[in-house]
Each structure stands twice: as structure tokens, then as C-alpha cells.
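K.L.:
Take the working numbering: the last position of the sequence shown gets the number 978, and nothing is skipped along the way. Here a beta-carbon is modelled for each residue, glycine too, at the ideal position from N, C-alpha and C.
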Amino acid sequence: MTMQQPPDASRNAVPGLEFPYYGAPPVEAVKRVFQKYAVFTGRASRSEYWWWFLASGLASAVLNSVSPTIVNGQVTGSSALGGIWFLATVVPSLAVAVRRLHDANLSGWLLLLTLLPVIGWIVLIVLLAQRENPSGQRFDRYSQAGYWQAPGGPGYSSPPAPPGSDGLTPL
808 MTMQQPPDAS
818 RNAVPGLEFP
828 YYGAPPVEAV
838 KRVFQKYAVF
848 TGRASRSEYW
858 WWFLASGLAS
868 AVLNSVSPTI
878 VNGQVTGSSA
888 LGGIWFLATV
898 VPSLAVAVRR
908 LHDANLSGWL
918 LLLTLLPVIG
928 WIVLIVLLAQ
938 RENPSGQRFD
948 RYSQAGYWQA
958 PGGPGYSSPP
968 APPGSDGLTP
978 L
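What follows is the structure, encoded as C-alpha cells:
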């Protein structure tokens, strides 16, 4: 079961940032994570997430091994470069993980599973590896004109409030 790209997307076209890019090549996946730096809405494909995970992990390993912190002749941990990289990538890493969970039709709050030692991380990795789910489209926020929300979706399920019930509109 493969998710559909927007109707105007051809096989060679890169989908807009409001859509997940299924089968994203590594460079494009990393570029999209930075373009959507702090965007926690919408969805991210498995390829977007895992290419970012790999690239970010490799960059972190390289930066931390280039100049590790040495105290009293012993290597004690991360370098300043590694710390700067972490600070620069913590927000986009969280954002792409939330979007990845959305693509599987799961809540981004499931990232809190990382607070559970070992088991939480294992469960989260399994959830992040899930295939896309068409119901995950409910997390999309279409910013372009021409998109509409189907009646019965969020925001359409309850009748409008009667005039004056908000305290602002005169009766």
C-alpha cells in the first residue's frame, strides 16, 4: 500500500514541502529536514526520516571524534563541535520524528516513550519504522490555495455555535 502523492505530482517531480517525499534520496531528505526546521505538523516519509537519522548520526560521530574533550589526559566525551551540532539539530530531529509518526497515523506525543529506559526506545524505533497509513493525512496542513477539507473532517463535525454564545457577537 503506497501513499499517493498530490494529483499534480509526476514521477520525477519533487513533492511540495507540505507532502511527504516517499523514496526521497539522501541529499533531498536532509535538505527537507532543514527546510522544515521546526515544523511539527504534516508528515515525513520513512526515507526522509531514516536518511536524516543516518546523516545526523554520522555528522555527530565525525564532529565528536575530530576534537574530543580531553581532561587530565583522558578523553571525556563530546567536543564543542559536537555540542554545537546537537544544539543545531535537536529541534529538526524532534520535528521530523513527530512528522514520521504522523505518517503512520500516530500521535507525535509518542516520542515521550523515550523517557522509558530501553523498552520505550525499542517501541519507538518499531513505531518509526511503520509503513505509511492513509489515515495519517489528517495531520496535513495544506497551505496552498485549491485544497479543501472534506466535510466530516476535523472542524466540520460539530454544528456552528448560535449567535451570541461566544460573548462577542451581539444577539
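1. Check each candidate in Val-925, Leu-931, Leu-894 and Arg-945 and name the one with the smallest Cα separation from Leu-917.
2. Starting from the C-beta of His-909, find all residues in its chain whose C-beta is less than 6 Å away, skip the five residues before and the five after it, and write them out in chain order.
3. Check whether the Cβ atoms of Ser-867 and Gly-889 sit closer than 8 Å, and answer yes or no.
4. Between the C-alpha atoms of Ser-914 and Leu-920, what's the straight-line distance to the nearest angstrom?
5. How is the alpha helix (DSSP H) around Asp-910 delimited, first residue to last?
6. DSSP three-state call for Gln-842: helix, strand or coil?
7. Does at least one heavy atom of the ligand SAH sit under 7 Å from the Cβ of Glu-835?
8. Just to confirm, is the Cβ distance from Leu-865 to Arg-907 under 8 Å?
9. To the nearest angstrom, how far is the alpha carbon of Val-905 from that of Trp-857?
10. Excluding sequence positions up to five away, which residues of its chain have a Cβ less than 8 Å from the Cβ of Arg-948?
11. Of all the options Trp-892, Thr-896 and Asn-912, which has the alpha carbon lying nearest to the alpha carbon of Val-873?
P.N.:
Here's the rundown:
1. Taking only the C-alpha atoms, the option nearest Leu-917 is Leu-931.
2. Counting only Cβ-Cβ distances below 6 Å, and skipping sequence neighbours, we find Arg-850, Gly-943 and Phe-946.
3. One thing to note: Ser-867 has its Cβ within 8 Å of the Cβ of Gly-889.
4. Take the alpha-carbon of Ser-914 and the one of Leu-920: they are about 12 Å apart.
5. Element bounds for Asp-910: 887 to 910.
6. Three-state result, Gln-842: helix.
7. Ligands displayed in this structure: none; no statement on the ligand SAH is therefore possible.
8. Taking a C-beta distance under 8 Å as the contact criterion, Leu-865 and Arg-907 do not qualify as a contact pair.
9. Rounded to whole angstroms, Val-905 to Trp-857 spans 13 Å at the Cα level.
10. Excluding positions up to five away in sequence, the list reads Glu-825, Thr-848 and Gly-849.
11. Residue Trp-892 holds the alpha-carbon nearest to the alpha-carbon of Val-873 among Trp-892, Thr-896 and Asn-912.
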